[in-house]
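Residue numbers (the UniProt record's numbering): 606 to 881.
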Ligand code: C2E
Ligand code: CA
Ligand code: CA
Ligand code: CA
């Protein structure tokens with residue numbers, strides 16, 4: 606048993622060492638990745654629940670590492686947040702997303718939107734936000750929406766309110782992302798200038814009619830509507846989830862049921878087909 610324990614410890618230690626090595630590797634490679642455009646965006650459609658019409662996309666970042674292959678944001682965004690590399694990365698994401706958004710709107714005349722995720726590190730950096738807003742003012746940002754999570758605002762709600770207010774004042778709608786996974790959700794909804802509430806996929810997964818969860822979702826939707834917010838259901842994977850969310854009054858949806866996050870080329874195709 607003792608031998609067994611030691612073997613296990615060695616396996617564990619090796620796994621931990623690998624995890625630390627890979628973390629260092631990603632951290633080291635990320636700066637070059639941003640400069641060399643190994644990072645790129647996918648666009649996941651957000652559709653109107655009633656009729657499936659395309660309303661816009663959420664921009665989701667990916668990293669094609671020359672040796673390690675495709676890496677998802679859950680693996681490198683936290684590192685980039687910690688090191689500050691999220692600042693240049695976020696800048697790339699914003700500019701790329703706005704560039705395509707502007708083209709899609711001009712090409713189709715449709716009021717399409719693109720949602721961009723803002724991270725805490727970006728939000729709290731006053732000079733960075735100044736630069737972002739100046740760039741957006743100069744280039745135009747019709748259709749851009751910013752997604753933030755409530756956990757980001759919790760450390761200093763008053764300051765967060767002031768910063769997010771600056772985006773809002775520029776006419777950029779704010780989306781509360783991952784709603785239901787945080788703590789103080791309800792009080793924040795009324796206090797912050799949110800325009801859109803995104804119900805986290807954990808609420809949507811296997812949603813069943815007449816269940817407590819369905820009643821909860823109905824309550825959230827009604828509350829959001831009373832406060833003047835639109836509601837997006839995230840992680841919609843099945844017909845049944847789509848139908849039920851629609852019954853519960855949810856306005857928009859995003860999920861594999863409609864489309865995975867798409868390459869720019871495929872997103873262009875969606876926009877082309879949405880053309881009036
Ligand atoms: P998120 O903002 O909640 O984005 C939605 C995530 O749900 C995406 O994962 C998307 O691919 C996934 N998803 C969409 N539909 C479904 C579905 O039907 N079922 C399931 N199981 N999942 C679905 P992804 O692309 O891996 O992104 C993960 C997280 O990384 C995002 O969560 C967001 O927090 C962060 N992220 C992605 N891109 C950016 C970015 O440009 N900047 C920042 N700061 N964070 C980003
Ligand atoms: Ca998001
Ligand atoms: Ca989300
Ligand atoms: Ca998330």
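Quick reminder that beta carbons are idealized off the backbone N, C-alpha and C, glycines included.
Remember, it's a predicted structure, so these values are computed and weren't measured experimentally.
Item: Residue 804, DSSP secondary structure in three states; Value: strand
Item: Cut-off 7 Å between Cβ atoms - residues of its own chain near residue 798, not counting five sequence neighbours on either side; Value: 769, 770, 773, 779
Item: Residue 683: CB within 7 Å of a non-hydrogen atom of ligand 1; Value: no
Item: Any non-hydrogen atom of ligand 2 closer than 7 Å to residue 782 Cβ; Value: yes
Item: Among 651, 625, 622, 631, nearest to residue 862 - alpha-carbon criterion; Value: 651
Item: Three-state class that DSSP yields for residue 799 in the structure shown; Value: coil
Item: Inter-stretch contact (C-beta, 8 Å, three-pair minimum) for the segment 621 to 635 and the segment 812 to 830; Value: no
Item: C-alpha gap between residue 718 and residue 748, whole angstroms; Value: 4 Å
Item: Burial state of residue 708 (16 or more Cβ within 10 Å); Value: exposed
Item: Beta-carbon proximity of residue 864 to residue 649, cut-off 8 Å; Value: yes
Item: Any non-hydrogen atom of ligand 3 closer than 7 Å to residue 800 Cβ; Value: no
Item: C-alpha distance - residue 821 paired with residue 725, whole-angstrom precision; Value: 28 Å
Item: Segments assigned alpha helix (DSSP H), at least 4 residues, entirely inside the segment 803 to 875; Value: 806 to 809, 817 to 831, 844 to 852
Item: Distance cut-off 7 Å: residue 803 Cβ against heavy atoms of ligand 3; Value: yes
Item: Cβ-heavy atom distance, residue 755 to ligand 2, below 7 Å; Value: no
Item: Given 8 Å, three or more beta-carbon pairs between the segment 808 to 819 and the segment 836 to 853; Value: yes
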